[in-house]
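Below is one structure; the comments refer to it alone.
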Amino acid sequence: MIALLQRVTQAKVDVAGATIGAIDAGLMVLVCAERGDTEKEADALLAKLLGYRVFADEAGKMNRSVTDVAGGLLLVPQFTLAADTKSGTRPSFTPAAAPQDGLRLFTHFVEQARSRHACVQTGQFGADMQVSLTNNGPVTFWLQVNAK
Numbered sequence: 001m002i003a004l005l006q007r008v009t010q011a012k013v014d015v016a017g018a019t020i021g022a023i024d025a026g027l028m029v030l031v032c033a034e035r036g037d038t039e040k041e042a043d044a045l046l047a048k049l050l051g052y053r054v055f056a057d058e059a060g061k062m063n064r065s066v067t068d069v070a071g072g073l074l075l076v077p078q079f080t081l082a083a084d085t086k087s088g089t090r091p092s093f094t095p096a097a098a099p100q101d102g103l104r105l106f107t108h109f110v111e112q113a114r115s116r117h118a119c120v121q122t123g124q125f126g127a128d129m130q131v132s133l134t135n136n137g138p139v140t141f142w143l144q145v146n147a148k
């Protein structure tokens, strides 16, 4: 499983001209399941994400997690994170989970996030989404948990 997280002052997802998910300060996270991933990898990635310290403490050091600061969490499915770009000029998506597995794992990830964090919003799996955000820093991190 892959998560590309960005610390934001605000973020939102629109589908067909309507906002379906929005947060103020927190993390906008692009989420991708890879072939072979299971709920075990999704749970491990979520634990890492919720505990990842990217917010400043009193000394200005990145020492607080989204949980610590009670920030928003906007989870957006994005299978293109699994793209193989090693050769040629067109990405291959064979490393990505099949759509039914991706949907199942994204749904599981969201359900688990909502059970552990107060403010969780989402994008829509398989939709043509327009994502807008204001990256705070900018701060962006790639987190990955590989299937065993």
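Each residue of the sequence shown is one higher than the last, beginning at 1 in the UniProt record's numbering.
By construction, the Cβ of each residue, glycine as well, lies at the ideal position given by its N, Cα and C atoms.
* How many angstroms separate the CA atom of Thr9 from the CA atom of Leu103? -> Straight-line spacing of the CA atoms in Thr9 and Leu103 works out to 28 Å.
* Measure the Cβ-Cβ separation of Glu39 and Ala147 and say whether it is below 8 Å. => A distance of 8 Å or more separates the beta carbons of Glu39 and Ala147.
* Does the stretch 72 to 79 come close enough to the stretch 105 to 121 to have 3 or more Cβ pairs within less than 8 Å? -> These segments touch.
* Asked: Is Ala3 helix, strand or coil by DSSP?
  -> In the three-state reduction of the DSSP assignment, Ala3 falls in the strand class.
* Where DSSP assigns a beta bridge to Arg35, which residues make up the other side? -> Within the DSSP secondary-structure output, Arg35 pairs in no beta bridge.
* Grab the span of the beta strand (DSSP E) containing Ser115 for me, first residue to last. => Careful: Ser115 lies outside any beta strand (DSSP E), inside the alpha helix (DSSP H) at Pro99 to Arg116.
* In this structure, what does DSSP give as the bridge partners for Phe141? -> BP columns for Phe141 point to Leu5.
* **At least three beta-carbon pairs within less than 8 Å, the stretch 93 to 103 to the stretch 50 to 57** => No, the stretch 93 to 103 does not touch the stretch 50 to 57.
* Ala18 by DSSP, collapsed to three states: which one? -> Here DSSP, grouped into helix, strand and coil, assigns Ala18 to strand.
* Under the three-state DSSP convention, the category Asp43 falls into -> If DSSP states are grouped into helix, strand and coil, Asp43 belongs with the helices.
* Val66 versus Ala113, Ser92 and Met1, residue with shortest Cα-Cα distance -> When only C-alpha atoms are compared, the closest one is Ala113.
* Residues in its own chain within less than 6 Å of Phe55 by CB, not counting five upstream and five downstream? -> If we look at Phe55 and ignore the five residues flanking it on each side, its Cβ neighbours are Arg64 and Val69.
* Just the C-alpha distance for Phe106 and Ala44, rounded to the nearest angstrom, thanks. => Their backbone Cα atoms lie some 13 Å apart in a straight line.
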